[in-house]
Each structure stands twice: as C-alpha cells, then as structure tokens.
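**Student:** Protein chains in written order, with this note's numbering: chain A, -6 to 176; chain B, 96 to 635.
Just so it is clear, CB atoms sit at the ideal spot from N, CA and C, and this is done for glycine as well.
Just so it is clear, the structure is predicted and the values come from calculations on it, not from any experiment.
1. Taking Cβ positions only, does residue 56 of chain A come closer than 8 Å to chain B?
2. Just curious, the beta strand (DSSP E) that residue 126 of chain A is in, first and last residue?
3. Sorry if obvious, but does the Cβ on residue 392 of chain B come closer than 7 Å to a heavy atom of the ligand COA?
4. Sorted by chain position, which residues of the same chain lie with C-beta nearer than 7 Å to residue 294 of chain B's C-beta, five sequence neighbours on each side aside?
5. Which two residues bound the contiguous beta strand (DSSP E) that contains residue 313 of chain B?
6. Are the region 434 to 441 of chain B and the region 390 to 400 of chain B touching by the rule of at least three beta carbon pairs closer than 8 Å?
7. Which of the three DSSP states is assigned to residue 205 of chain B in this structure?
8. Along chain A, which residues have their Cβ under 7 Å away from the Cβ of residue 340 of chain B?
9. When you compare the CB positions of residue 637 of chain B and residue 245 of chain B, do they come within less than 8 Å of one another, or not?
10. Is the region 12 to 26 of chain A touching the region 78 to 94 of chain A in the sense that three or more CB pairs, one from each, lie closer than 8 Å?
11. Report the residues of the region 501 to 524 of chain B with a CB closer than 9 Å to any CB of chain A, ordered along the chain.
12. Going along chain B in order, which residues have a C-beta closer than 9 Å to the C-beta of residue 87 of chain A?
13. By the DSSP assignment, the beta strand (DSSP E) with residue 442 of chain B in it spans what residues?
14. Please list the segments of the beta strand (DSSP E) lying wholly inside the region 114 to 138 of chain B, counting only runs of 3 or more residues, in order along the chain.
15. Short check: CB of residue 130 of chain B to CB of residue 217 of chain B, under 8 Å?
16. Pull up the DSSP beta-bridge partners for residue 389 of chain B, would you.
17. Run through the DSSP bridge pairs and tell me what residue 384 of chain B is partnered with.
18. Buried or exposed: where does residue 417 of chain B fall if 16 or more other Cβ atoms within 10 Å of its Cβ makes it buried?
19. Just to confirm the assignment: which complete alpha helix (DSSP H) runs, minimum length 4, are found wholly within the region 328 to 357 of chain B?
20. Where do the ends of the alpha helix (DSSP H) carrying residue 40 of chain A lie?
21. Does any residue of chain A bring its CB to less than 8 Å from the CB of residue 574 of chain B?
22. What's the C-alpha gap between residue 104 of chain B and residue 460 of chain B?
23. Between residue 711 of chain B and chain A, is there a C-beta pair that is closer than 8 Å?
24. Quick one: grab the DSSP three-state call for residue 105 of chain A.
25. For residue 429 of chain B, which of helix, strand or coil comes out of DSSP?
26. Cα separation between residue 256 of chain B and residue 112 of chain A?
27. Determine the burial state of residue 9 of chain A: buried for a count of at least 16 other Cβ atoms within 10 Å of its Cβ, exposed for fewer.
28. Taking residue 18 of chain A as part of the beta strand (DSSP E), name the residues at either end of that continuous run.
29. Across which residues does DSSP place residue 493 of chain B in a beta bridge pair?
30. Is DSSP giving residue 108 of chain B helix, strand or coil here?
31. What do you reckon, are the CB atoms on residue 473 of chain B and residue 291 of chain B nearer than 8 Å?
32. In the DSSP assignment, the beta strand (DSSP E) including residue 284 of chain B goes from what residue to what residue?
33. Hey, out of B/562, B/603, B/173 and B/199, whose CA is closest to residue 524 of chain B's CA?
34. Which class does residue 434 of chain B belong to by DSSP, given the choice of helix, strand or coil?
35. How many whole angstroms separate the CB atoms of residue 111 of chain B and residue 127 of chain B, which I take to be in contact at a CB cut-off of 8 Å?
36. Over the uninterrupted beta strand (DSSP E) stretch that includes residue 549 of chain B, give me the two end residues.
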C-alpha cells in the first residue's frame, strides 16, 4: 500500500500520538499476543510500507512529520522487542504488570558487553581478566587464585563470585581423578 | 529539476540519476564513469578536479587533496587524522572547534569545504550531461560512519548547493540496486571493500522491503592500504638496488603511490607486473636513477593477506552478532573497487562457501541505489515512487557520560531507525544549576574508549539536593542515521532543549558562509574546458 493521503495521515497521527504509551507493542503492530516471529516481521514490513518516514519525505508539515517519526520509532521498538526471544519474555511480564512499554534498561540488549564491564575496581578487573585467561587455558588453580584476588578488591561483584564458583568446581572435578592417580 | 545519487568515495566518486525509470550514470571527463575524488588548488584560487587534479598529485602534491573521505567529520587530534597526516603530502592543521583544515595556497579549507567543492564539480558534470538543474541528492556513506562524519557529509552537500535528501548507507544502496524489482525473499550479505573503508552488512530482502539485520566494519581499511603495501614493496626494491629510500621525497613518493595503484589493478588481471619508473631519485654522480620492477601476484598477496583477513574477521563478528552462520547467507554481493582483487574474491568465497555475485559493476552499484532512493524520496507520496522500503539500523551504540568515567548507553547498536529513547538522569552535586551532557558513540562501558561526539548543556536548574533533580535525556536517530539530543528538566516540568555542539564539525554559520562563497564563485572560469570534456564519448 502506498503512502496515506495527507489528510488521512494527519488524522492518524493525531489519534496515535497522544495515546502511544497506552498501546501495547502488539496493538501498535496490529497483531495478537500469540503471533509467531515470522508473522510479526511480516506485520512490521506491512506497517513500514504505510508509515516509514521516507514515504512522507516531501511533507511540508514539520510537526506532523516529527510526530509520525515518534510513532514509527515506537513501532520499530516494538518490532525489536517482540522478535528477540528474551525481550519478548520480559515484555510478557511487563504486560502482566499492566504496563505497555518495556522499561528503558530492559530495552537495551547484550548489556554488559564484556563480563568484566560490571566490575568497577580497576585491580579487580585486571585480576578478573587474568582469571578468565587462566580459565581459558584450563588452568583452574590459577583461575581460582586470580578470581580470589579480584574478589579481595571488589567483594560484591556477582560476576567474580560466579566465575570463582565455576573455577572451583572445575578444579574440584579435575583434582579428584588426579589425586586418585597419585595414590 | 532533477535529483541524483552520489557515491562520494575515498578514491573515486560516481553520480547517477533515474530517467524514464532507468538508471543513468553520469560519464566522467576523460572517459569512464569514475570521477577521481581529488581537488587541486592553485594559488590564484583556481581549482582542478577529477582526472586533471590526479595529474597534479605529482606536479603539486602539497596543494592536491585526495582521500578526503578519510578525514571528513573527524577532529584534528583523532588517531585517524593523525595517522593519515603521516601518509598525506598535503598539510593539515587544527582549525576552529578542533576541525582538521587543509592549508591551501590561498587560504585554509575545512574538509567539508573541500568535499563540497568536489560535489559542486560533480553537480556541474551532471547538469551539463543531463541538461537540467540538479537540486537534490542522496549521498552515500559507509554504514559505520559515525554521527559527526554523516553531519560533515551533509555540510559538504549543502556547500555544493545541494539539498541533501538523505545520507544513505552504501551497502543498503547496493542492496537496493541489486534487489529492487526482483521480488526476492533472501538473506544477503553486502561485502563492501572500497578505497578507504570496509563494511559488511547483512540484509533480509522480502519483495520491496530491505531490512538491515546487522552491519559492521572498519572505517580505516581499504584499497589505499593495499596501495601503501605495494608502495613499500616498490620502495624497498629501489632501496635494495640503489641504497636510497625514495619514500623520503614527496614527489617520488607520490609517483610510487600512483604506480602502486596501477600495479594493483594490473595484478587483478595478470599473474605478474613488470615496469620501469624513470627519474625516481638522483644518484651520487647526479645521474637519474630508475626503478625497474617485477612483482608477482603472490608477493602482493602475501603483503595484503592480513588486510583481507581483517575483513573476514569482521564478517564473522557481524554474523555472530545476529546469530547467523556464513552458510545461512543466500547471496553475497561484492561492492567497491577493492573486491576486484582476486585474493579478496577467493577469501570471501572461502568464508561464505559460495561464489560472490559480481554481475553488477562493483564501482557503480552504490550510485545506482542512491539514484533510486533519491527518486523515491523526491517523489514520496506520488505514484512515481517505487514501493521500496529501506529499514536501516544504528551502526554503533550511543550514550552519555556519567560519573566514574562510564558511558551510560541510551541507544543500542544495530537497532532499527528511526529510534527514540528517553532515559532519566540526575545531578551529582547539591545545588547544581547546570548539567553538561557529553554524548559518545561506541560500545564500551568506559566513556574514553568511545568516540566523543559533542556535548550540550542544560542550565537554569532550580537549586536542589543531589539526586533530587530528574533530567530527561532523549536521543532520536532519524532515517539518515543522524542523532538529535534533547534534554528536559522534568522535575520543574519546564522543557529546555539544546542542540549538540558537534566536536570537529563546522558551525551553522561557517557552513552558511561557505555556501555563499561557493555560490559567488558558481560556474566561473574555474572549470574552463568542462563543457567540451563532458561531451566526449564516454566509451572512449
């Protein structure tokens, strides 16, 4: 479908703009909550054909264009959330709480990027990295040592505790058969 | 009145338009369709462009600007500009607002001004060829160009008197040229290896919809690096024979670089290249020394293998970011002159496990797509527009500086544009009356490790204890990939907006001044023979 005629677009934008926060991502995309991922993509492509800002490039009304872009940006956000499985799951909880939009922190993906990003203390970070390197070499003893050093600088960092646990478990698993052989 | 698509390249530019539903490429002066992206400045203010300017790279290297795309939108002190300075024979200086400026024979020129002059020339070429005024243009940029680089490109267009309808990502343009009207349902990868940049972009094409799934690349990796590798081989051959390093002489270096580029092209078609360059240096007795060379393709390939390897690694990373394996790509499209190098084709084929598509001219395909999109935008809303929809993404994450030297991310990488996100921040000190919002682009949690884009200040915050003020920061990235930042003091309900001052960019008044200057110099005698040249047989 080509672009909407100007008067229809104006009516549409007027209706949508004010109630953007009251519409769920499903409603924005015009699909039901059980819609499969490929169908969500197809719906997004359909809506984009009508509402993509490029369709209205020549439009003189700046405010109308600006509002359309805000509406379409929210549709893009919905598309992204609903096509990423972990975000879609998080969004199900959001809806259950009666909210229509995923919180800003949950909308971001892959945070933190590196496991050590959540560590604030520089020394802790350094030893954590060394621990990860040891872990990669399967030097579990070295890993436990480094993670313990890291923890001494930043005792509350969850990621250090977690990796220390992993290293200790791996060390335990390899130490047993080794120990038996020594006897 | 017509609109065009311009592929403003590091080495060459291509300009195209749509006429009677057909893409037409504007021929270059002296034949072919590639306009070398070179501007040469004479002391009397005269400028030489394209092929004529290329000749002046040897005659007048200090006043001949090439590879401007490697500098555009970057602050003078950035690593990229500093690295480029060591290789470029023309002088760059730090200008107003941390800009890199070219020291010309008559005055200093900002980089967008130099690119603007080039775009103005391309515009004139098109107008002469098309017999019509060119009013608007879609200009393509590498997908991983940051916000400042995109803005600087728009400034260059404005200086050339063009209404920049859009800055469009090169791979998206290539995909559009490739897939429009084919009614396909495919996942394609655009491998774009140009003169100065490398990009890999994965798209889903469904009929008229072109959705970018992921993009990534290296703004400082291109065919120029291969030329430099060959330059070093040639220089070492000369050094071995005569005991003189020709790289220390600017003119000799310029000639070797041009020879290196020719050798590279030759080695794409033949297994070896032989030649002789006379008068490279002077010997102890004042005799002229020549460089005789014989370079086998495999010697060249050894020198560039790591460069090509870097591109394959980037492909792996980008595919991994969307959870795809190389085998899940239906087609690979090759874009950019550097994809003519056989080793590049071989490595791409090996990685993707399929023969890459090279049936569309890799030099022209981006301009084709830009021309199609220019037509689309100019006719938006009427039935002349094709139904193509381009769904692009943000190339990098965007965030702001927060306490402790960290960057708080507001917009992710690879999210569909337009995107609008708002986050709430607070003050870090009691009675703080203003906040400085420093904006950066990049994925690192540490602010310093990202590219700083600029800052805006929100002042007039009523006195309050730290943490009691709520500052709403809204980022919006539009379909150009351009960022707009708004900050609002939500605690008072008073909306305050401020514009980001882009670091290393031209101010609006500087651009306006440059536009006026360009207008007044308009179609003057600086292009004396253009008319005849452009009417030459393009096939010649």
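**Tutor:** Quick look at the numbers:
1. no
2. Unbroken run through residue 126 of chain A is the alpha helix (DSSP H), 115 to 129; no beta strand (DSSP E).
3. Because no ligand of any kind appears in the structure shown, any question about the ligand COA cannot be addressed here.
4. 237, 238, 239, 265, 266, 287, 310 and 312
5. 304 to 313
6. yes
7. strand
8. Result: empty, since nearest Cβ-Cβ is about 41 Å, beyond 7 Å.
9. Given that chain B is displayed from residue 96 to residue 635, the structure contains no residue 637 of chain B and the question cannot be resolved.
10. yes
11. 501, 504, 505, 506, 507, 508, 509, 510, 511, 512, 513, 514, 515, 516, 517, 518 and 519
12. None at all; the shortest Cβ gap to chain B is about 16 Å.
13. Where residue 442 of chain B is concerned, there is no enclosing beta strand (DSSP E), although the alpha helix (DSSP H) it sits in stretches over 437 to 447.
14. 117 to 120 and 134 to 136
15. yes
16. B/369
17. B/376
18. exposed
19. none
20. 30 to 44
21. yes
22. 12 Å
23. Outside the displayed range of chain B (96 to 635) lies residue 711 of chain B, so it cannot be described from this structure.
24. Low confidence applies here, because residue 105 of chain A scores a pLDDT of 40, under 50, leaving its location unreliable and the question unanswered by this model.
25. strand
26. 51 Å
27. buried
28. Residue 18 of chain A -> not in any beta strand (DSSP E); alpha helix (DSSP H) instead, spanning 18 to 22.
29. B/506 and B/536
30. strand
31. no
32. 280 to 288
33. B/562
34. helix
35. The pair is not a contact, with the Cβ atoms about 14 Å apart (cut-off 8 Å).
36. 546 to 553
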